[in-house]
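Asks: In the working numbering, the protein residues as written are 144 to 487.
Would you mind keeping the following structure in view while I ask a few things?
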C-alpha cells in the first residue's frame with residue numbers, strides 16, 4: 144500500500160511538472176492548469192487517481208495540458224514535451240481507476256460485429272470531428288481517446304470557458320446549458336455541480352441587473368448570447384486547427400457555416416448507460432440513474448431542437464452513429480479511425 148501511494152505521488156508530481164514546463168515554454172498568456180501550491184495540487188491529483196468517479200476530471204486536466212503543449216512553437220521542444228505527456232497518459236490509463244476502465248462493451252452484441260478494425264490514418268491540420276452523445280455511453284472517453292490518437296486537441300468544458308472570457312461574464316451568472324453535468328472538486332474545498340437543464344428558468348433579476356445584462360448581451364437572453372458567441376468561436380477555431388469537440392450543437396453550427404467536418408452520434412442501450420452512470424459517476428441507485436438519464440435526454444432533445452431545428456440523435460443528421468455497447472470505448476475509437484481511412 145505504501146509503495147502504491149508513493150508511485151501515485153510520483154506520477155502526480157510528474158503531471159504537475161509537465162504542466163509547469165508547458166507554462167514556461169508558452170509564457171503567461173495561456174495560464175496553467177494547476178494554480179495552487181505544489182503539494183496541495185499533488186494531493187488532489189492523487190485523490191482523483193484513487194477515486195473512480197473523479198477520473199473524468201483528471202482526463203480533462205490532462206486534455207488541457209496536451210492542448211496547450213501542442214501550441215508550443217519550437218517543434219523539438221513540442222516533440223520532447225509531448226513524449227513526456229504520452230508516457231504519463233499511458234501510466235494514467237493503466238491505473239485501476241482510469242477513465243478508460245469500466246468499459247461499456249456488451250460482449251453478446253460485440254460478437255455480432257464482424258468488422259476488422261485495422262486501418263490507420265494520417266494527421267490533418269483541419270480535421271474536425273463533432274461528437275454528440277447520450278450521457279453514460281462513454282462518449283467523452285471515446286472523444287478524448289480519439290483526439291489523443293489523432294494528435295489533435297480535445298474540447299469540452301474549455302470551449303465554454305473561452306466563451307465566458309469573450310462575454311466578460313462571471314461563471315456563476317452564465318452557465319453552459321448545452322453540456323452535461325460534471326463534478327469539479329472533492330470532499331475538501333471542491334464544489335459539486337448538479338445538472339442544469341437547458342431551459343430551467345433563470346433566477347429573478349432586479350431591474351438594474353436586467354439593464355446591465357441587456358447592454359452586455361446586446362438585448363439577447365444570456366443563453367442565446369452564449370450560444371452565438373460559442374458558434375463564432377467554433378468557426379474561428381475551425382479555420383486554424385483540427386480538433387474533436389463534444390456536443391454544443393457543433394455539427395449544426397459548422398454545417399450552417401459550410402465548414403467541412405465529420406459528425407458522429409454515440410449512444411448505448413439505457414440499461415447499459417444506467418450501469419455505467421452508477422459505476423463511474425457514483426449515482427446511488429438504479430432509480431436515480433434512470434431518472435437522471437431520462438431527464439438529460441429530454442433536455443438535450445429540447446436544446447438541440449431549439450438552436451438547430453434538428454432532431455437530436457436522428458441518424459440522418461450524422462455521418463456515423465455508434466452503439467458503444469457493441470464496440471466498447473477502444474473499439475468505437477478504432478471504428479471511427481477506420482471510417483476516416485487515413486494513416487496516423
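Ideal Cβ placement from N, Cα and C applies to all residues, glycine included.
If distances are taken between C-alpha atoms only, which option among 470, 446, 196, 292 comes closest to residue 275?
Replies: The residue with the shortest Cα to Cα distance from residue 275 is 446.
Asks: Are the Cβ atoms of residue 377 and residue 393 separated by less than 7 Å?
Replies: The answer is yes: Cβ separation under 7 Å.
Asks: Quick one: measure Cβ to Cβ for residue 410 and residue 456, integer angstroms, because I've assumed they're closer than 8 Å.
Replies: So it is a contact: roughly 7 Å between Cβ atoms.
Asks: Are the beta-carbon atoms of residue 271 and residue 381 separated by less than 7 Å?
Replies: It is a contact, given that the beta carbons lie within the stated cut-off.
Asks: Which residues share a DSSP beta bridge with residue 389?
Replies: DSSP output for residue 389 lists 274 as bridge partner(s).
Asks: Quick one: residues in its chain with C-beta nearer than 6 Å to the C-beta of residue 204, no 5 flanking neighbours on either side, listed in chain order?
Replies: Cβ neighbours of residue 204 beyond the five flanking positions: 176.
Asks: What would DSSP say about residue 340, mapped onto helix, strand or coil?
Replies: The pLDDT assigned to residue 340 is 43, lower than 50, so where the model puts this residue is not dependable, and the model offers no usable value.
Asks: So, helix, strand or coil for residue 466, using DSSP?
Replies: Strand.
Asks: Tell me, which residues are paired with residue 460 by DSSP?
Replies: According to DSSP, which records beta bridges pairwise, residue 460 is partnered with nothing at all.
Asks: If you count every other CB in all the chains shown that lies within 10 Å of the CB of residue 434, and 16 or more means buried, which is it?
Replies: Answer is exposed; the Cβ neighbour count stays below 16.
Asks: Which residue comes first and which comes last in the alpha helix (DSSP H) that contains residue 209?
Replies: 198-212 is the span of the alpha helix (DSSP H), which, as asked, contains residue 209.
Asks: Report yes or no: do three or more beta-carbon pairs, one from the stretch 275-284 and one from the stretch 465-473, lie closer than 8 Å?
Replies: Because the criterion of three Cβ pairs below 8 Å is met, the stretch 275-284 and the stretch 465-473 touch.
Asks: Can you look up residue 398 in the DSSP assignment and give me helix, strand or coil?
Replies: Helix, per DSSP.
Asks: Compute the minimum distance between the beta carbon of residue 290 and the heavy atoms of the ligand SAM, and state whether it is under 6 Å.
Replies: This structure lacks the ligand SAM, and indeed carries no ligand of any kind.
Asks: When DSSP labels each residue in this structure, what does residue 163 get in the three-state scheme?
Replies: If DSSP states are grouped into helix, strand and coil, residue 163 belongs with the helices.
Asks: Contact check, residue 213 vs residue 160 under 8 Å by CB: the rounded distance?
Replies: Contact doesn't hold; Cβ gap of about 18 Å is too wide.
Asks: Taking 7 Å as the cut-off, decide whether the C-beta atoms of residue 286 and residue 387 are in contact.
Replies: Cβ atoms of residue 286 and residue 387: closer than 7 Å.
Asks: Rounded to a whole number of angstroms, what is the C-alpha to C-alpha distance between residue 247 and residue 415?
Replies: Taking the straight line from one Cα to the other gives about 7 Å.
Asks: Alpha carbon to alpha carbon, how far is residue 419 from residue 472? Give it in angstroms, no decimals.
Replies: Taking the straight line from one Cα to the other gives about 12 Å.
Asks: So the candidates are 401, 183, 391; which of them puts its Cα closest to the Cα of residue 155?
Replies: Here the closest residue by C-alpha is 183.
Asks: In the DSSP assignment, find the alpha helix (DSSP H) that holds residue 287 and state where it starts and stops.
Replies: Note, residue 287: alpha helix (DSSP H), 282-293.
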